[in-house]
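Undergrad: Quick one: structure below, then a few questions.
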């Protein structure tokens, strides 16, 4: 998952992202390391937060936006 890459690109700490999405920092860390997999609602929250498609977040495409 590109979560860590996006977070660093936007210069956002794990703590800030967790606070903005009403999660805890440990969860963000576990998603970034692959220790835990995000559920659908969490994937949507990350994609909406960074304004990217879920496919981009999951590294299924290199295009961050949905083709419309």
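In the numbering used here, the protein residues as written are 1 to 68. We put the CB at the ideal spot given by N, CA and C, even for glycine. Quick caveat, the model's predicted, so the values are computed rather than measured.
Which residues mark the beginning and the end of the alpha helix (DSSP H) in which residue 28 is found?
TA: The count along the chain shown starts at 1 and reaches residue 28 at position 28. Note, residue 28: alpha helix (DSSP H), 25–33.
Undergrad: On the criterion of 16 or more Cβ atoms from any shown chain inside 10 Å, does residue 14 qualify as buried, or is it exposed?
TA: Counting from 1 along the chain shown, the entry for residue 14 is found at position 14. With 16 or more other Cβ atoms within 10 Å, it is buried.
Undergrad: Is the separation between the beta-carbon of residue 7 and that of residue 57 shorter than 9 Å?
TA: Here residue 7 refers to the residue found at position 7 of the chain shown. Here residue 57 refers to the residue found at position 57 of the chain shown. No, these two residues do not count as a Cβ contact at 9 Å.
Undergrad: How is residue 38 classed by DSSP in three states: helix, strand or coil?
TA: Taking the first residue of the chain shown as position 1, residue 38 is located at position 38. It is coil, neither helix nor strand.
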